[in-house]
Ligand code: T5A
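Residue numbers (our numbering): 14 to 223.
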C-alpha cells in the first residue's frame, strides 16, 4: 500500500498523544513498520523554536493574531517540506499530532480570523497537499482542559477563555461534517473505549485502501 499521511486532531487533553500510540501499534500489527511520528507546531529544530514562541507568552508584548498565524504556517511549511513530503516520497507513513485543521479551528474558529487571509496563507504554504486521514477526537473544552490541567501548567493558548475553545470545537465539527477524510471519535468515553474505537476505525479504513 502507498504510504499515507495520518493526522490526529482535537482540543487540549483530547487524548492525541495516547491515540498516536494506538495508531502506530495498529499499523505495526498490519505489517506497516516504516513510520515517522511528528507534531505541529514543531517536528524540526526551527519549527520547535517557533512552537516555543507560539505557546509561550512574551513579557510586555501581545502576540498579534496575524503574527501567531504566520508563525504556525512558518513551522508548518518547514515540517511539510523537509520531513513529511520527503518521508511520504520514500514510502514512509507519517503520523502527525495536529496539522492544518488546527489552524482552521483555533485561528479560524477560536480567534475568528479573516477567512480570505487564512485561505491565502494556506494555499501559498500547502497548495493541494492534504492528509489522507484525520482522526478528530471530540471532547468538550471543560473535559479537555481539566485533563490538560492535571498534566501540567497551561500554556499561552490553553489559557484562552472557555468561549474560545467552544468556538474552536464548533469549527472542528463544522469542518469534519463536510470532509469525508475526517473521522470523528467521541473522546469523552473511557480511555480503553476510545483507543479501541480508534483501532477498529483505522483497521476498517486500511481495508478500504487495499
Ligand atoms: N495550535 C496548534 C493552534 O492554535 N493552531 C495550530 O495550527 C496548531 C498546530 C499546542 C497548542 O498550539 C495550538 C493548539 C495548542 O493549544 P499541543 O501541545 O500539541 O498544541 O496540544 P495539546 O492539545 O495541548 O496537547 P495535549 O498533550 O494537552 O493533549 P493531547 O495530546 O490531546 O492529550 P494526551 O494524550 O496527552 O492526554 C492528556 C491527559 O488526558 C488523559 C491522558 O492519560 C493524559 O493524562 N486522557 C484521558 N483520560 C480519561 N479518558 C480519556 N478518554 C482520556 N484520553 C486522554
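Just so it is clear, CB atoms sit at the ideal spot from N, CA and C, and this is done for glycine as well. Source: prediction; values computed, not measured.
Express the C-alpha separation of residue 139 and residue 84 in angstroms, rounding to a whole number.
-> 15 Å
Tell me whether residue 71 is buried or exposed, calling it buried when 16 or more other Cβ atoms sit within 10 Å of its Cβ.
-> exposed
Can you list, in chain order, the residues of its chain whose CB lies under 6 Å from that of residue 189, leaving out five sequence neighbours each side?
-> 149, 195 and 197
In whole angstroms, what is the alpha-carbon distance linking residue 201 and residue 46?
-> 30 Å
Pick from 218, 90, 63 and 93 that is closest to residue 81, judged by C-alpha positions | 63
Heavy atom of the ligand T5A within 6 Å of residue 59 beta-carbon | no
For residue 40, does the three-state DSSP call read helix, strand or coil?
-> helix
Helix or strand or just coil, what does DSSP make of residue 170?
-> coil
Using CA coordinates, which residue listed in 17, 127, 203 and 152 is at the minimum distance from residue 98?
-> 17
Drop a sphere of 10 angstroms on the beta-carbon of residue 165, count the other beta-carbons inside from all chains shown, and report buried for 16 or more, exposed for fewer.
-> exposed
According to DSSP, residues forming a beta bridge with residue 199 = 151
Quick one: residues in its chain with C-beta nearer than 7 Å to the C-beta of residue 25, no 5 flanking neighbours on either side, listed in chain order?
-> 157, 158, 161 and 171
Do the region 26 to 35 and the region 121 to 129 touch if we need at least three Cβ pairs shorter than 8 Å?
-> no
Around the Cβ of residue 216, are there at least 16 other Cβ atoms within 10 angstroms (buried) or fewer (exposed)?
-> exposed
For residue 217, three-class secondary structure by DSSP = helix
Buried or exposed by the 16-neighbour rule on C-beta atoms within 10 Å, applied to residue 104 | exposed
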